[in-house]
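S.K.: Take any residue in the sequence shown, note its place counting from 1, add 197, and you have its number in my numbering.
The beta carbon of each residue, even a glycine, is placed where N, CA and C say it ideally should be.
Every value quoted in this text rests on a predicted model; they were computed, and no experiment measured them.
Once you've had a glance at the structure underneath, I'll fire off some questions.
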Amino acid sequence: MSLCSILFLFIIIKIAIDKTNVKIKYLNYVTLLMIIEVLNINAAFLAINDSFINIKYVMSIFLIIYTLYYIKKSIILIPKLLLYLECLLLLSVIVGIFIEIINPYNGLIINYNTSKGWDLYVLGLLNKEKVDISYGSILILYTKVFLYTITTCLIKTTCNKKDIIYILNNIIKYTRFIIYYGFVEFIIKNVINNLDIIIWFNTVMFGKSSQISFADDVYRLTGVTSEPSYFVISLFTIIIYNIIIKKIIDNDKSMKSLIVYHKKDIFFMIGIMLLTGGFSMVWYLLMVVFLYLILNMKRNFKFLMKLLLFILIIISGIIYFVNNYADGYIGGRLNTALMILGEMVFYGGIDMNNGLFVASSNLARFVSIYDTVIDFVNRPLLGLGLGIETAHSGLAMLLVDFGIIGIYLLFRVVLYRVDKSIKYDKLFIFCFFIIVNIPVGIKNIGFEVFNILFIELTSFYLCKGSEKKR
């Protein structure tokens, strides 16, 4: 077992033996899973031959068990409509999988469990295949959807404002170390130039090493994740938490003494994102600015004009950067992305034999999005089914996993108001879940437990000073 696994077990046991009530224990376990998800911890709980049992999956199973215990020990009043919506969501996912079993999709796809499938496909080293259902993957993903829906329900019905702030404060408090970790990793990799230290530390601490990525004469950072793009997503998530906190405090000054907030953290984490580099870094930095504008500008005609101006400036900046720095790593990636997008728009598809961008990871990204969306269009109502196809896009995965019906029910569940005085920032939620995850994103971004907190926090700055029962 790795040191991270031992620490994980210690925290689990400590929470269990603490002299607190069952609700506080439940909140602590939910918080622990959210921290693991936010940090994208690349840790093996247990190694079996060449396979690893990820610590996140172990925590998910444990939380489901404790959630059932919490429900048994508590008196919880769940609105009938919310209960019906959740049951319909879980049923729609089962039906989608069942349809795929009895009437398999006749198109060729890159199956969910195919390692580096799209990257190998665009290189000509792998062909698309018929649907190959992996019941193990489906079971794991369905467990995550079940956990997501039941956690959403309990947070809405049993947690008040104080409880949500308690979870938020712990997430901010226990993820701050990533700032120092990122700078130390940069120094070890690029100043001391000793990769062996990083490899040794990851093996001892997490039970496996992370990806070694080198670009523009600099080793990219991975943090506690498996690869640089996942580290960028972690930093982005924490930055958005902090931006929302600032919005809440600006809206209600009394919250300043209740919520943990370090305003310099945003700039430190942006600095680490810049050091990490890559296409995902560029996109997520743009999304940080975009979401900041969405949160802090008055939403009227002037807001729309400013947003369009921002988009125009970004497009102009990208074109300038590509024209002047196309030989560099990031400039080359942006240049390739623009060429691929142009081919999609003007020719209605992507020619993988085009020598200008063949063998590019950007090609794999855009081909996966284009082809997966086409597959969704062929089966729009329920998609292809949970855990059937993979793509380099959180949005594309959401479409093929759930379909129109599943996505509709999913958002009905997460936006359900147990009290009519509660208001959610639907524009921000749409941008965070949909716009942000168009060209990038973790496969199951739509149903990671930490996303529940984002949704509930938007009600804080829309309903000033109101203590709401959930």
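Buried or exposed for Gly-662, going by 16 or more other Cβ atoms inside 10 Å?
M.R.: Any reading at Gly-662 must be qualified, since the residue scores a pLDDT of 47, below 50, and its modelled position is unreliable; no value is offered.
S.K.: Could you tell me whether the Cβ atoms of Lys-220 and Ser-271 are closer together than 8 angstroms?
M.R.: Yes.
S.K.: Could you check what DSSP says for Glu-234 in three-state terms: helix, strand or coil?
M.R.: Here Glu-234 sits in helix by DSSP.
S.K.: Report yes or no: do three or more beta-carbon pairs, one from the segment 448-460 and one from the segment 397-409, lie closer than 8 angstroms?
M.R.: Contact between the segment 448-460 and the segment 397-409 is absent, because fewer than three Cβ pairs lie under 8 angstroms.
S.K.: Just to confirm, are Met-484 and Leu-432 a CB contact at a threshold of 8 angstroms?
M.R.: No; because the gap between Cβ atoms is not below 8 angstroms, this pair is not in contact.
S.K.: I'd like to check one pair, Ile-212 with Ile-585: are the Cβ atoms closer than 8 angstroms?
M.R.: No.
S.K.: In this structure, does DSSP put Ile-210 in helix, strand or coil?
M.R.: Residue state, collapsed to three classes: helix.
S.K.: From the DSSP output, read off the bridge partner residues of Val-219.
M.R.: None; Val-219 has no bridge partner.
S.K.: Note down, one range per segment and in chain order, each alpha helix (DSSP H) of at least 4 residues found wholly within the segment 469-522.
M.R.: Correct list: 476-493 and 498-522.
S.K.: Do Leu-365 and Ile-440 have their CB atoms nearer than 8 angstroms?
M.R.: No; because the gap between Cβ atoms is not below 8 angstroms, this pair is not in contact.
S.K.: Looking at the structure shown, is Glu-326 part of a helix, part of a strand, or coil, going by DSSP?
M.R.: Glu-326: strand per DSSP, three-state reduction.
S.K.: By Cβ distance, which residues of its chain are closer than 6 angstroms to Lys-665, with the 5 residues on each side in sequence left out?
M.R.: Here the model assigns Lys-665 a pLDDT of 45, short of 50, so the residue's position is not dependable and the matter cannot be decided.
S.K.: Using 10 angstroms around the beta-carbon of Gly-321, count the other beta-carbons present and answer buried if the total reaches 16, otherwise exposed.
M.R.: Gly-321 is exposed by the Cβ-count criterion.
S.K.: At what residues does the beta strand (DSSP E) containing Phe-242 begin and finish?
M.R.: Residues 241-245.
S.K.: Taking Asn-399 as part of the alpha helix (DSSP H), name the residues at either end of that continuous run.
M.R.: 392-403 is the extent of the alpha helix (DSSP H) around Asn-399.
S.K.: Taking 8 angstroms as the threshold, find out whether the segment 249-263 comes into contact with the segment 218-233 through three or more Cβ pairs.
M.R.: Judged by Cβ distances under 8 angstroms, the segment 249-263 makes contact with the segment 218-233, as three or more pairs qualify.
S.K.: Going by Cα to Cα distance, which pick from Pro-636, Asn-493, Leu-612 and Lys-386 is closest to Met-594?
M.R.: If we check each option's Cα against that of Met-594, Pro-636 comes out closest.
S.K.: With burial defined as no fewer than 16 other Cβ atoms inside 10 Å of the residue's Cβ, what is the status of Met-256: buried or exposed?
M.R.: Label assigned to Met-256: buried.
S.K.: Could you spell out the range, first to last residue, of the alpha helix (DSSP H) harbouring Ile-262?
M.R.: Unbroken alpha helix (DSSP H) run through Ile-262: 252-270.
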